[in-house]
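Report on one structure; see the data block that follows.
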Amino acid sequence: MTVANPVPNVTLDDGNSIPQIGFGVWQVPDDECFTAVTSALTIGYRSIDTAAIYGNEVGTGRAIAAAGVPRDELFVTTKLWNSADGPWTRDRVFTEFDASLDRLGLDYVDLYLIHWPRPMREDYRTIWQAFTELKADGRARSIGVSNFQPEQLRTIIADTGVVPVINQIEVHPDFAQTELRRVHDELGIVTEAWSPLGQGRGLLDDPTLARIALEHDRSPAQVVLRWHLQIGNVAIPKSVTPHRIRQNLDVFDFELDAAELDAISALDTGNRLGGDPATFDVG
Ligand code: A2P
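Quick note: the sequence shown uses our numbering, first residue 22, plus one each step.
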């Protein structure tokens with residue numbers, strides 16, 4: 022059964038557009054990824070977010086091939102694992118990109134992201150130059166970054182004049198990233214939220230979310246996703262559970278009012294769950 026409500030698209034700075042809800046596959050083992058992505062595509066997701074380091078591009082690609090959805094109706098994102106064992110050269114970026122395309126079984130991706138900035142070295146600048154070439158030759162329809170901070174965003178834009186269309190960052194109500202989202206707005210960058218549900222941990226038991234969910238006859242996860250949508254984020258919730266995969270796409274026929282949005286935004290405690298981009302440099 023597909024979800025009836027269409028997912029709105031968000032227009033990117035380069036004129037392309039991305040569905041506002043996508044399906045994330047972080048921590049889904051490759052052998053489970055075929056089943057999970059198949060469920061998502063059957064239910065109606067058209068945006069799939071993977072990465073070289075997730076080790077599940079093969080399963081993702083197999084599910085895409087088997088689903089038979091026309092390629093131009095899909096939005097496929099993957100990410101360069103710009104590992105710490107530099108130096109990173111243009112040719113190395115191209116080699117890694119080709120390997121991702123091979124694993125996915127695709128001849129282009131809709132979005133290619135630099136996975137982490139690793140600001141303690143300057144490789145990200147060389148990598149972004151190479152990304153602009155991948156964009157120019159059409160094999161990466163759009164290019165962006167992940168986990169970048171304002172300084173690195175401004176540096177790569179100054180270097181190349183090319184704005185990353187997306188910065189995919191950790192965002193959930195208790196880690197709302199208000200200042201970084203403001204910088205994105207200033208620079209014309211779309212905010213894409215990873216771990217949008219706070220990894221399904223304590224956040225979803227919050228009493229404020231429970232109250233709002235009850236008022237709308239929805240789950241706390243759906244309320245959180247509604248918050249993302251209404252503040253303008255793209256979100257990529259992950260689940261391997263079919264009824265949750267369906268639930269997470271079924272968020273387009275109710276709306277939070279201003280007081281509810283404010284109450285959810287007030288949950289921000291700066292509770293970062295993942296790596297800190299300023300220091301992340303492993304692997
Ligand atoms: P599972 O994969 O077992 O269904 P995030 O996207 O923030 O990283 O969150 C992913 C986590 O949240 C996973 O553990 C996932 O569990 C859980 N999850 C995903 N969707 C829902 C939902 N609708 N309700 C409750 N938990 C969910």
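Quick reminder that beta carbons are idealized off the backbone N, C-alpha and C, glycines included.
Keep in mind the model is a prediction, meaning the values are calculated, not measured.
Handout entry: Beta-carbon spacing of Val97, Thr110 below 9 Å
Key = Locating residue 97 in the sequence shown gives position 76, where the first residue counts as 1. Locating residue 110 in the sequence shown gives position 89, where the first residue counts as 1. No, these two residues do not count as a Cβ contact at 9 Å.
Exercise for the section: Determine the closest residue to Thr153 out of Phe118, Asp123, Gly223 and Thr290, with distance taken between C-alpha atoms. Expected result: Indexing the sequence shown from 1 puts residue 153 at position 132. Checking every option, the nearest Cα to that of Thr153 belongs to Phe118.
Handout entry: Reduced DSSP category for Leu125 - H, G, I as helix; E, B as strand; rest coil
Key = Working through the sequence shown from its first residue, we reach residue 125 at position 104. In this structure, Leu125 counts as helix in the three-state DSSP scheme.
Practice task
Label Thr262 either buried or exposed according to how many other C-beta atoms from any shown protein chain fall within 10 Å of its C-beta, with 16 as the threshold for buried.
Solution key: Translated into positions along the sequence shown, residue 262 becomes position 241. Exposure of Thr262 is indicated by the presence of fewer than 16 other C-beta atoms within 10 angstroms of its C-beta.
Problem - Proximal residues to Arg142 (C-beta, below 7 Å), its chain only, five neighbours per side dropped - result: Here residue 142 refers to the residue found at position 121 of the sequence shown. These residues qualify, in order along the chain: Gly107.
Handout entry: Rounded C-alpha distance that separates Gly223 from Leu230
Key = Looking up residue 223 in the sequence shown gives position 202. Looking up residue 230 in the sequence shown gives position 209. Distance between the alpha carbons of Gly223 and Leu230: 11 Å.
Exercise for the section: Could you tell me if the beta carbon of Gly219 falls within a distance shorter than 8 Å of some heavy atom in the ligand A2P? Expected result: Against the sequence shown, residue 219 aligns to sequence position 198. Yes, since a heavy atom of the ligand A2P falls inside the 8 Å radius drawn around the Cβ of Gly219.
Problem - 8 Å Cβ shell around Ile42 - same chain, five flanking residues per side excluded - result: Counted from its first residue, the sequence shown places residue 42 at position 21. Excluding residues within five positions, the ones whose Cβ falls inside 8 Å are Val28, Tyr66, Ser68, Leu246, Leu250, Val255, Ala256, Ile257, Pro258, Asn269, Leu270 and Val272.
Exercise for the section: Could you work out which residue in Gly36, Pro140 and Thr290 is closest to Gly104 when comparing CA atoms only? Expected result: Indexing the sequence shown from 1 puts residue 104 at position 83. For the record, residue 104 in the displayed sequence is Ser; it is not Gly. Relative to Ser104, the option among Gly36, Pro140 and Thr290 whose CA is nearest is Pro140.
Handout entry: Where Ala259 sits in the DSSP three-state scheme
Key = By one-based count along the sequence shown, residue 259 stands at place 238. One detail in the question is off: residue 259 reads as Lys in this sequence, not Ala. Look at Lys259 here: in three-state DSSP terms it is coil, with no helix or strand label.
Handout entry: the segment 112–132 in contact with the segment 153–162 per 3-pair CB rule at 8 Å
Key = Yes, since at least three Cβ pairs between the segment 112–132 and the segment 153–162 fall closer than 8 Å, the two stretches touch.
Problem - Leu155 Cβ short of 8 Å to the ligand A2P heavy atom set - result: Walking along the sequence shown from the start, residue 155 turns up at place 134. Not so, every heavy atom of the ligand A2P lies at least 8 Å from the Cβ.
Handout entry: Beta carbon of Phe169 nearer than 9 Å to that of Ile148
Key = Indexing the sequence shown from 1 puts residue 169 at position 148. Indexing the sequence shown from 1 puts residue 148 at position 127. Their beta carbons are not under 9 Å apart, which means Phe169 does not touch Ile148 by this criterion.
Handout entry: Contact between the segment 172–192 and the segment 203–219 (3+ Cβ pairs under 8 Å)
Key = At 8 Å Cβ cutoff, the stretches touch.
Exercise for the section: My understanding is that Thr116 touches Thr99, with C-beta atoms under 8 Å, so please give their C-beta distance in whole angstroms. Expected result: Residue mapping note: residue 116 aligns to position 95 of the sequence shown, counting from 1. Residue mapping note: residue 99 aligns to position 78 of the sequence shown, counting from 1. Their Cβ separation, rounded to whole angstroms, is 14 Å, which puts Thr116 and Thr99 out of contact at 8 Å.
Problem - Extent of the continuous alpha helix (DSSP H) run through Tyr145 - result: In the sequence shown, residue 145 corresponds to position 124, counting from 1. For Tyr145, the enclosing alpha helix (DSSP H) begins and ends at Asp144 to Ala157.
Exercise for the section: With hydrogens ignored, establish whether the beta-carbon of His193 is closer than 8 Å to any heavy atom of the ligand A2P. Expected result: For this step, residue 193 is matched to residue 172 along the sequence shown. His193 Cβ: within cutoff of the ligand A2P.
Exercise for the section: Give the secondary structure of Glu191 by DSSP, where H, G and I count as helix, E and B as strand, and everything else as coil. Expected result: The sequence position of residue 191 within the sequence shown is 170, counting from 1. Under the three-state reduction of DSSP output, Glu191 falls in the strand class.
Exercise for the section: Tell me whether Thr32 counts as near the ligand A2P, meaning its Cβ is closer than 8 Å to at least one heavy atom of that ligand. Expected result: On the sequence shown, residue 32 is found 11 positions in, with the first residue counted as 1. Thr32: no, Cβ never under 8 Å from the ligand A2P.
Handout entry: Contact test: Leu134 Cβ vs the ligand A2P heavy atom, cutoff 8 Å
Key = Position 113 of the sequence shown, counted from the start, is the residue given in the question as residue 134. False, no ligand heavy atom lies under 8 Å from that Cβ.
Handout entry: Sequence-distant residues of the same chain with beta carbon closer than 6 Å to Ala88, five excluded per side
Key = The count along the sequence shown starts at 1 and reaches residue 88 at position 67. Excluding positions up to five away in sequence, the list reads Leu62.
Practice task
Please state whether DSSP places Asn30 in a helix, a strand or coil.
Solution key: Taking the sequence shown and counting its residues from 1, the one referred to as residue 30 is at position 9. Strand at Asn30.
Problem - Rounded C-alpha distance that separates Arg232 from Ile285 - result: If you number the sequence shown from 1, residue 232 lands on position 211. If you number the sequence shown from 1, residue 285 lands on position 264. Straight across, the Cα-Cα distance linking Arg232 with Ile285 is about 11 Å.
Practice task
Run through the segment 76–101 for me and flag every whole alpha helix (DSSP H) of 4 or more residues, listed as ranges in chain order.
Solution key: The segment 76–101 contains these whole alpha helix (DSSP H) runs: 78–88.
Exercise for the section: Would you kindly check if the distance between the Cβ of Asp180 and the Cβ of Arg146 is under 9 Å? Expected result: Position 125 of the sequence shown, counted from the start, is the residue given in the question as residue 146. Position 159 of the sequence shown, counted from the start, is the residue given in the question as residue 180. A contact, by the Cβ cut-off of 9 Å.
Problem - CB-CB length for Ala214 against Leu225, believed under 8 Å - result: What you label residue 214 is simply residue 193 of the sequence shown in a count that begins at 1. What you label residue 225 is simply residue 204 of the sequence shown in a count that begins at 1. Wrong, their Cβ atoms sit about 15 Å apart, outside the cutoff.
Problem - Segment limits, alpha helix (DSSP H) that includes Pro11 - result: Because the chain here runs from 22 to 304, residue 11 falls outside it and cannot be looked at.
Exercise for the section: Determine the DSSP secondary structure at Ser163, reduced to helix, strand or coil. Expected result: Within the sequence shown, the letter at position 142 stands for residue 163. Looking at Ser163 - three-state DSSP - the assignment turns out to be strand.
Practice task
Spatial neighbours of Ser38 within its chain, please: CB distance less than 8 Å, with the 5 preceding and 5 following residues excluded, ordered by chain position.
Solution key: The residue given as residue 38 occupies position 17 in the sequence shown. The answer, listed in chain order, is Asn30, Val31 and Thr32.
Handout entry: Spatial distance of Ile177 from Cys54 (CA atoms)
Key = On the sequence shown, position 156 is the one that residue 177 refers to. On the sequence shown, position 33 is the one that residue 54 refers to. Distance between the alpha carbons of Ile177 and Cys54: 33 Å.
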